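Colleague: Below is the structure I would like to discuss, written out as structure tokens.
Written out as structure tokens, the structure reads:
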């Protein structure tokens, strides 16, 4: 998969050089930092249930008979995504043979997330008090997991997991 990770830090210029000591102390010197991650989908192997080739291997590949792709639909009766993999694009291979489906023939769903923090350091003599607010998955993007790729399984073609939703936390640190 392809992955682009951007890290950034920006010191906000507001009130940094204010002549008012209170404004400069409270509102000046804030820093915004973050990490944004964009990733294409991971490789997926489509497998069948059973041991068609009689090799005692529990998962084997099917025959490709159509144009397979990953194209998910929302589940109208619950959470998750359905119909991500078209089962008509595959067939069970003949007994005692291997399927012709190549390894990693499909790509899962991509993901994107942005984590952001806002931090301020207050000097207290020779020490400093740092306060910060952090937001993980800032835009609350749903990053779905990979679909079930076992043809014939009850959850075949379904995505039943997702990454974490937006989370926020506050923190303080005394540096001495």
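In the numbering used here, the protein residues as written are 325 to 500.
Note that the Cβ used here is the ideal one computed from N, Cα and C, for glycine as well.
Given the structure is predicted, the values throughout are model-derived calculations rather than measurements.
#1: Give every residue of the same chain whose Cβ lies closer than 6 Å to the Cβ of residue 356, excluding the five residues on either side of it in the sequence, and list them in chain order.
#2: Measure the alpha-carbon distance for residue 331 versus residue 401 and round it to whole angstroms.
#3: Alpha carbon to alpha carbon, how far is residue 336 from residue 450? Give it in angstroms, no decimals.
#4: Please confirm whether residue 452 and residue 499 have their CB atoms less than 8 Å apart.
#5: Name the two residues that bound the continuous beta strand (DSSP E) containing residue 456.
#6: What is the rounded straight-line gap between the Cα of residue 457 and the Cα of residue 376?
#7: Which residue comes first and which comes last in the beta strand (DSSP E) that contains residue 371?
#8: Any idea which residues DSSP pairs residue 415 with across the strands?
#9: Distance check for residue 467 and residue 475, CA to CA, integer angstroms please.
#10: Taking only the alpha-carbon atoms, compute the straight-line gap between residue 463 and residue 496 and give it to the nearest angstrom.
#11: From residue 440 to residue 387, what does the alpha carbon distance come to, in whole angstroms?
#12: Keeping to the same chain, check which residues put their C-beta closer than 7 Å to that of residue 427; ignore five residues upstream and five downstream.
#13: According to DSSP, simplified to helix, strand and coil, what is residue 360?
Modeller: According to the structure data:
#1: The count along the chain shown starts at 1 and reaches residue 356 at position 32. Excluding residues within five positions, the ones whose Cβ falls inside 6 Å are 334 and 442.
#2: On the chain shown, position 7 is the one that residue 331 refers to. On the chain shown, position 77 is the one that residue 401 refers to. Approximately 39 Å between the Cα atoms of the pair.
#3: Position 126 of the chain shown holds residue 450. Position 12 of the chain shown holds residue 336. So the alpha carbons of these two residues sit roughly 23 Å apart.
#4: Start at 1 with the first residue of the chain shown, and residue 452 comes out as number 128. Start at 1 with the first residue of the chain shown, and residue 499 comes out as number 175. A contact, by the Cβ cut-off of 8 Å.
#5: Translated into positions along the chain shown, residue 456 becomes position 132. Counting along the chain, the beta strand (DSSP E) containing residue 456 begins and ends at 451-460.
#6: Residue numbering aside, residue 457 sits at position 133 when the chain shown is read from its first letter. Residue numbering aside, residue 376 sits at position 52 when the chain shown is read from its first letter. Rounded to the nearest angstrom, the two C-alpha atoms are 56 Å apart.
#7: The residue labelled residue 371 in the question sits at position 47 within the chain shown. Element bounds for residue 371: 371-373.
#8: Mapped onto the chain shown, residue 415 falls at position 91. Answer is 387.
#9: In the chain shown, the residue the question calls residue 475 occupies position 151. In the chain shown, the residue the question calls residue 467 occupies position 143. Near 23 Å, if we compare the C-alpha coordinates of residue 467 and residue 475.
#10: Here the question's residue 463 lines up with position 139 in the chain shown. Here the question's residue 496 lines up with position 172 in the chain shown. The straight-line gap from Cα to Cα measures roughly 24 Å.
#11: The residue given as residue 440 occupies position 116 in the chain shown. The residue given as residue 387 occupies position 63 in the chain shown. Residue 440 and residue 387: Cα-Cα distance of roughly 46 Å.
#12: Residue numbering aside, residue 427 sits at position 103 when the chain shown is read from its first letter. Excluding sequence neighbours, residue 427 sits near 369.
#13: By 1-based counting over the chain shown, the position of residue 360 is 36. Here residue 360 sits in strand by DSSP.
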